[in-house]
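Q: Just passing along the structure, written as structure tokens.
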Amino acid sequence: MANVPDHESFTGPAFLARLQNRDADLLRQLVHLYMPQILRAARGAGLNAQNAEDVTQNVFLIFLEKIEDFEGRSHVRTWLFGILYRKISEMRRSAQKEGAAEEIGDVMEDRFRTDGKWFKPPRLPDASAYDNEVRQHLDDCLAGINTDQRLAFIMREVEEMDTNEICRVMDVSRSNLGVLLFRGRNLLRNCLEKRNVTRD
Numbered sequence: 000m001a002n003v004p005d006h007e008s009f010t011g012p013a014f015l016a017r018l019q020n021r022d023a024d025l026l027r028q029l030v031h032l033y034m035p036q037i038l039r040a041a042r043g044a045g046l047n048a049q050n051a052e053d054v055t056q057n058v059f060l061i062f063l064e065k066i067e068d069f070e071g072r073s074h075v076r077t078w079l080f081g082i083l084y085r086k087i088s089e090m091r092r093s094a095q096k097e098g099a100a101e102e103i104g105d106v107m108e109d110r111f112r113t114d115g116k117w118f119k120p121p122r123l124p125d126a127s128a129y130d131n132e133v134r135q136h137l138d139d140c141l142a143g144i145n146t147d148q149r150l151a152f153i154m155r156e157v158e159e160m161d162t163n164e165i166c167r168v169m170d171v172s173r174s175n176l177g178v179l180l181f182r183g184r185n186l187l188r189n190c191l192e193k194r195n196v197t198r199d
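0 is the number of the first residue of the sequence shown in numbering that gives the first Met the number 0; add one for each residue after it.
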């Protein structure tokens, strides 16, 4: 199997030509590199395992259907995350119309520092039980965070996407993204502090 290029390899006129010609090897490489990222983001947005897998597959189906529309003005990863963002937004609107509650995934097992950044909890003798307890607290706290805040947070903290790329995905300004991240981090931190899930 050919080595999979990194994120920066999927740019330029030669890449665009291969993509629009539906080069099978290139498409396999894209799926191999970006499907795990899309799946993590879908879980982090609050979808359960089955819905996250369904949405991820749907993202790549739409990608293949619309591949001729991709003109290379943004990175292909930005385009894929944009499709994901629109699909999750559609699901959220549909759930709101039906009065359905969003399910919260357990993709994030880390904890916050007081500055809003994640940190790994120390491993304790009863680490497994502790991790399960922390995960449950996170799930409960994430239930109070809206979808846009969760997705912005996942793209920034888990996928480590830069500000400009996230802004393109979500079609928001840098200041609006900053507000989403600030509010999401503070809501999660405050919730975790109330549950005594804090740094020792």
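Every residue, glycine too, gets a C-beta built ideally from N, C-alpha and C. Given the structure is predicted, the values throughout are model-derived calculations rather than measurements.
1. Helix, strand or coil, according to DSSP, for E70 in the structure here?
2. Note down, in chain order, each residue of its chain lying with its Cβ closer than 7 Å to the Cβ of G143, except the 5 sequence neighbours on either side.
3. Assuming L150 and A44 form a contact by the criterion Cβ under 8 Å, report the distance between their Cβ atoms to the nearest whole angstrom.
4. How many angstroms separate the CA atom of L29 from the CA atom of V58?
5. Does the distance from the CB of F229 to the CB of H74 come in under 9 Å?
6. Does any residue of chain D have a CB that is nearer than 9 Å to the CB of L18?
7. Is it right to say Q135 is buried, meaning 16 or more other beta carbons lie within 10 angstroms of its own, or is it exposed?
8. Using DSSP with H/G/I as helix, E/B as strand and the rest coil, what is F62?
9. Keeping to the same chain, check which residues put their C-beta closer than 6 Å to that of E158; ignore five residues upstream and five downstream.
10. Near E164, which residues of its chain fall below 6 Å by C-beta distance, leaving aside the five closest residues on each side in sequence?
11. Write down the C-beta distance between G71 and L15 rounded to the nearest angstrom, noting that I regard them as a contact closer than 8 Å.
12. Is the beta carbon of L83 less than 9 Å from the beta carbon of V54?
13. Once the 5 residues before and after A247 are set aside, which same chain residues still bring their CB inside 6 Å of it?
14. Only counting runs of 3 or more residues, tell me where the beta strand (DSSP E) segments fall wholly within the stretch 118-194, in order along the chain.
15. Under the three-state reduction of DSSP, which class applies to E102: helix, strand or coil?
16. Ends of the alpha helix (DSSP H) at F9?
17. For the alpha helix (DSSP H) containing D24, list its first residue and its last residue.
A: Reading it off the structure:
1. What you label residue 70 is simply residue 71 of the sequence shown in a count that begins at 1. Here E70 sits in coil by DSSP.
2. On the sequence shown, position 144 is the one that residue 143 refers to. If we look at G143 and ignore the five residues flanking it on each side, its Cβ neighbours are L186, C190.
3. The sequence position of residue 150 within the sequence shown is 151, counting from 1. The sequence position of residue 44 within the sequence shown is 45, counting from 1. Rounded, the Cβ-Cβ distance is 5 Å, consistent with contact.
4. Sequence index remark: in the sequence shown, residue 29 carries index 30 (1-based). Sequence index remark: in the sequence shown, residue 58 carries index 59 (1-based). Spanning the two alpha carbons is a distance of roughly 12 Å.
5. Residue 229 lies beyond the stretch modelled for the chain, which goes from 0 to 199, so this question has no answer here.
6. Note that chain D does not occur in the displayed structure, where there is just one protein chain.
7. Here the question's residue 135 lines up with position 136 in the sequence shown. By the 10 Å Cβ count, Q135 comes out exposed.
8. Residue numbering aside, residue 62 sits at position 63 when the sequence shown is read from its first letter. The answer is helix: DSSP assigns F62 an H, G or I state.
9. As a working mapping, residue 158 is identified with position 159 in the sequence shown. Same-chain partners within the cutoff: Q36.
10. As a working mapping, residue 164 is identified with position 165 in the sequence shown. T77.
11. As a first step, residue 71 is located in the sequence shown; it is residue number 72 there, counting from the start. As a first step, residue 15 is located in the sequence shown; it is residue number 16 there, counting from the start. Contact holds; Cβ gap of about 4 Å.
12. For this step, residue 83 is matched to residue 84 along the sequence shown. For this step, residue 54 is matched to residue 55 along the sequence shown. Going by C-beta atoms, L83 is nearer than 9 Å to V54.
13. Past the edges of the chain, shown from 0 to 199, lies residue 247, and the structure says nothing about it.
14. none
15. Numbered from its first residue, the sequence shown carries residue 102 at position 103. Because the pLDDT at E102 is just 42, under 50, the model does not fix this residue reliably, and the point stays unresolved.
16. Counting from one through the sequence shown, the residue named residue 9 turns up at place 10. Note, F9: premise wrong, no alpha helix (DSSP H); not H, not E.
17. Here residue 24 refers to the residue found at position 25 when the sequence shown is read from its first residue. First-last of the alpha helix (DSSP H) with D24: 23-43.
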